[in-house]
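Asker: Before I ask anything, let me first share the structure, which is written out below as structure tokens.
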Amino acid sequence: MDWSVEQDAALKAVKDWLKGRHPQVFRLFGFAGTGKTTLARHVAEGIDGDVCFGAFTGKAAMVMRQKGCEGATTIHSMIYRPRRKSAEDEEEETFSFAINHQSDVSKAKLIVIDECSMVDEELGRDLLSFGKPTLVLGDPAQLPPIKGGGFFTEAEPDVMLTEVHRQAADNPIVRMSMDIREGRPLEIGHYGQSSVIRRRDIDAERILAADQVLVGLNRTRHGYNKRIRELRGYTSPHPEVGEKLVCLRNDKSKGLQNGGIFRVNRRKEPKGGYLKYDVAPDEAGTRARIHVSVLPDFFEGKEGDLSWQMRRSSDEFDYGYALTVHKAQGSQWDDVVLFDEAFAFREHRDRWLYTGVTRAAETLTVVV
DNA sequence: GCTCACCA
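Residues in the first sequence are numbered from 37 upward in steps of one, following the working numbering.
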């Protein structure tokens with residue numbers, strides 16, 4: 037591996053920290069596409085002993101595994117175990133979890149956490165209670181957790197990577213992301229394959245051609261999902277063969293990640309009030325066929341009325357044509373249409389827009 | 001114009 041000057045200096049700083057074993061946390065921050073995960077994997081390969089890889093969301097953990105971080109899991113499954121509640125509590129929602137002191141973390145030489153801007157204070161503290169050296173990777177310009185603030189990203193980085201390798205340095209998407217970070221507004225115009233256009237200038241063709249449509253508000257998401265389904269000629273209120281779904285809850289045993297995008301391969305006979313489908317991850321080269329049972333309420337916007345017992349009995353999916361930027365955090369697509377709803381996120385508006393823009397790898401259309 | 005959401 038050929039490292040850049042910046043990456044080489046980062047590696048050296050991390051290795052010095054590992055030798056000294058102090059302080060407990062090393063913050064290796066960097067903008068999207070600067071090679072943080074690749075560096076961390078390299079560091080891990082040089083460790084004599086076990087390394088635990090983790091991320092806040094199931095989706096981010098899966099991306100980590102795809103990048104070669106073996107056995108990456110959610111931080112939750114890494115450090116917690118279920119705690120049994122007494123029988124008289126059973127009427128209540130009594131899911132409770134305790135720190136698992138037998139966790140692999142307790143034997144590890146190093147913990148590596150990716151997308152650490154999503155980790156809130158409670159989870160961060162519990163993770164550090166194991167006392168292990170913890171290398172946290174993240175982008176401080178991305179969205180913080182909704183509650184508790186960014187536990188790791190509130191402090192200054194030990195190393196900040198700024199050279200983007202994912203795209204060419206003159207890529208307009210990189211330029212736009214820098215503009216937002218530095219407080220400059222996006223100007224209407226065409227920039228290579230990408231563009232910033234007004235709402236009245238977006239056409240159905242552009243939206244249907246995109247790999248992913250991103251919005252800010254759930255209300256908008258529902259509206260666009262409905263509209264895109266109509267444009268694609270789907271008429272059933274429930275998913276048909278070929279439709280794009282987003283998974284809304286992890287199920288490790290089935291290979292389902294919250295935030296993962298799936299396609300309906302087969303629609304089966306509904307049973308006991310559940311819709312039955314075979315779905316597959318929406319990626320090239322995957323043969324996986326996953327059987328799912330979903331309550332129709334999820335596609336009718338009525339899932340909020342379900343009891344938690346009913347909800348737990350169902351796999352959770354919704355239409356995946358449009359996603360919120362919050363849900364898309366940690367994912368990436370070649371061609372993205374982003375509807376700018378930054379106004380709704382007040383003091384985080386720049387972070388919202390930056391996170392949305394950096395979800396695109398090749399082509400981005402921002403609709404303002 | 002005026003909110004997003006995670007895990008066991």
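Here a beta-carbon is modelled for each residue, glycine too, at the ideal position from N, C-alpha and C.
(1) Taking glycine 167 as the reference, give the member of Gly278, Lys307, Pro59 and Gly309 with the closest Cα.
(2) Apart from the five residues just before and just after threonine 360, which ones in its own chain have a Cβ nearer than 8 Å to its Cβ?
(3) Identify, in the order they occur along the chain, each residue of the same chain with its Cβ nearer than 7 Å to the Cβ of glycine 459, setting aside the five sequence neighbours on each side.
(4) Leaving out the 5 sequence neighbours to the left and right, which residues in its chain are closer than 6 Å to alanine 364 when beta-carbon positions are compared?
(5) Quick check: the Cα distance between glutamate 151 and leucine 197, rounded to an integer number of angstroms?
(6) Note down, in chain order, each residue of its chain lying with its Cβ closer than 6 Å to the Cβ of glutamate 129, except the 5 sequence neighbours on either side.
(7) Helix, strand or coil, according to DSSP, for threonine 394 in the structure here?
(8) Could you tell me whether the region 346 to 360 touches the region 279 to 298, where touching means 3 or more Cβ pairs closer than 8 Å?
(9) Taking the beta strand (DSSP E) that isoleucine 135 belongs to, which residues open and close that run?
(10) Threshold first: 4 residues or longer. Then list the alpha helix (DSSP H) segments lying entirely within the region 65 to 132, N to C.
(11) Am I right that aspartate 354 and phenylalanine 335 are in contact with their C-beta atoms under 8 Å? What's the rounded C-beta distance?
(12) Spatial neighbours of isoleucine 224 within its chain, please: C-beta separation below 8 Å, excluding the five flanking residues on both sides.
(13) Can leucine 173 and alanine 76 be called in contact, C-beta distance under 8 Å?
(14) As a quick exercise: from Ala378, Gln43, His362 and Glu398, pick the residue whose alpha carbon is nearest that of serine 153.
(15) If you follow the alpha helix (DSSP H) that aspartate 52 is in, where does it begin and where does it stop?
(16) Look at the Cβ atom of glutamate 276, then the Cβ atom of arginine 242, and state whether they are nearer than 8 Å.
(17) Considering only C-alpha positions, which residue in the set His226, Glu383 and Glu199 is nearest to glutamate 42?
(18) Among the candidates Leu292, Trp369, Val402 and Phe379, whose CA atom is the shortest distance from the CA of arginine 202?
(19) Return helix, strand or coil for glycine 160, following the three-state DSSP convention.
(20) Identify, in the order they occur along the chain, each residue of the same chain with its Cβ nearer than 6 Å to the Cβ of alanine 49, setting aside the five sequence neighbours on each side.
(21) Closest to asparagine 136 by CA distance: which of Asp162, Val155, Ile147 and Leu146 is it?
(22) Here's a check: name, in chain order, each residue in its chain whose Cβ is nearer than 7 Å to the Cβ of glutamate 377, leaving out the five neighbours to either side.
(23) Might you give, ordered along the chain, the residues of its own chain that have their beta carbon closer than 6 Å to the beta carbon of leucine 146, omitting 5 neighbours on each side?
(24) By a C-beta neighbour count over all protein chains shown, 10 Å radius and 16 as the cutoff for buried, is aspartate 175 buried or exposed?
(25) Mapping the DSSP letters down to three states, classify threonine 256 as helix, strand or coil.
(26) By DSSP's criteria, serine 439 is part of a beta bridge. Which residues make up the other side?
(27) If I'm right that leucine 281 touches glycine 185 with Cβ under 8 Å, what's the distance once you round it to whole angstroms?
(28) Which partner residues of cysteine 283 appear in the DSSP bridge assignment?
(29) Quick one: Cα of tyrosine 227 to Cα of arginine 211, how far?
(30) I think glutamine 293 touches valine 372, with their Cβ atoms under 8 Å apart; what is that distance to the nearest whole Å?
(31) Using alpha carbons as the reference points, say which of Tyr310, Met37, Glu192 and Gly366 lies closest to histidine 327.
(32) By alpha-carbon positions, which one of His78, Lys290, Gly308 and Pro332 ends up nearest to alanine 316?
(33) Taking the DSSP output, what are the residues bridged to phenylalanine 335?
(34) Less than 7 Å separating the Cβ of leucine 179 from some heavy atom of the ligand ADP?
Answerer: On the basis of the supplied data:
(1) Pro59 is the residue among Gly278, Lys307, Pro59 and Gly309 whose C-alpha sits nearest the C-alpha of glycine 167.
(2) Cβ within range, chain order: Leu250, Val251, Gly252, Leu253, Asn254 and Arg257.
(3) Here the chain has residues from 37 to 404 only, and residue 459 is not among them.
(4) If you ignore the 5 residues before and after alanine 364, its C-beta comes within less than 6 Å of the C-beta of Leu250 and Arg395, all in its own chain and listed in chain order.
(5) Cα to Cα, glutamate 151 sits roughly 14 Å from leucine 197.
(6) With a pLDDT of 48 at glutamate 129, under the threshold of 50, the predicted position of this residue should be treated as unreliable, and no value is reported.
(7) DSSP places threonine 394 in coil when its eight states are reduced to three.
(8) Counting C-beta pairs with one atom in each stretch, the region 346 to 360 and the region 279 to 298 have three or more that are closer than 8 Å, which means they touch.
(9) Segment 133 to 135, the beta strand (DSSP E) holding isoleucine 135.
(10) Correct list: 72 to 81, 94 to 102 and 111 to 115.
(11) Aspartate 354 to phenylalanine 335, Cβ: 7 Å. Contact.
(12) Correct list, in chain order: Val232, Ile233, Arg234 and Val404.
(13) When the beta-carbon positions are compared, leucine 173 and alanine 76 come within less than 8 Å of each other.
(14) Of the listed residues, the one whose Cα sits closest to serine 153 is His362.
(15) Start and end: 41 to 56.
(16) Against a cut-off of 8 Å, the Cβ pair of arginine 242 and glutamate 276 comes out as no contact.
(17) For glutamate 42, the nearest C-alpha among the options comes from Glu199.
(18) Residue Trp369 is the option with its Cα nearest to arginine 202.
(19) In the three-state reduction of the DSSP assignment, glycine 160 falls in the helix class.
(20) Result list for alanine 49: Val195, in chain order.
(21) The option with the nearest alpha carbon to asparagine 136 is Asp162.
(22) Excluding positions up to five away in sequence, the list reads Val251, Gly252, Leu253 and Thr256.
(23) Hits under 6 Å: Ile83, Val87 and Pro169.
(24) So aspartate 175 ends up on the buried side.
(25) In the structure shown, threonine 256 sits in a helix (DSSP, three-state: H, G or I).
(26) Outside the modelled stretch of the chain, which goes from 37 to 404, sits residue 439, for which no answer is possible.
(27) For leucine 281 against glycine 185, the beta-carbon gap comes to about 32 Å, at or over 8 Å, which does not count as contact.
(28) Cysteine 283 is bridged by DSSP to Phe353.
(29) Rounded to whole angstroms, the gap between the alpha carbons of tyrosine 227 and arginine 211 is 10 Å.
(30) About 20 Å separates the CB atoms of glutamine 293 and valine 372; that is not less than 8 Å, and the two are not in contact.
(31) Checked all of Tyr310, Met37, Glu192 and Gly366; the closest Cα to histidine 327 is Tyr310.
(32) Minimum Cα distance to alanine 316 is reached at Lys290.
(33) Per DSSP, phenylalanine 335 has no beta bridge partner at all.
(34) Judged by which ligands are present, the structure shown has none, so any question about the ligand ADP falls away.
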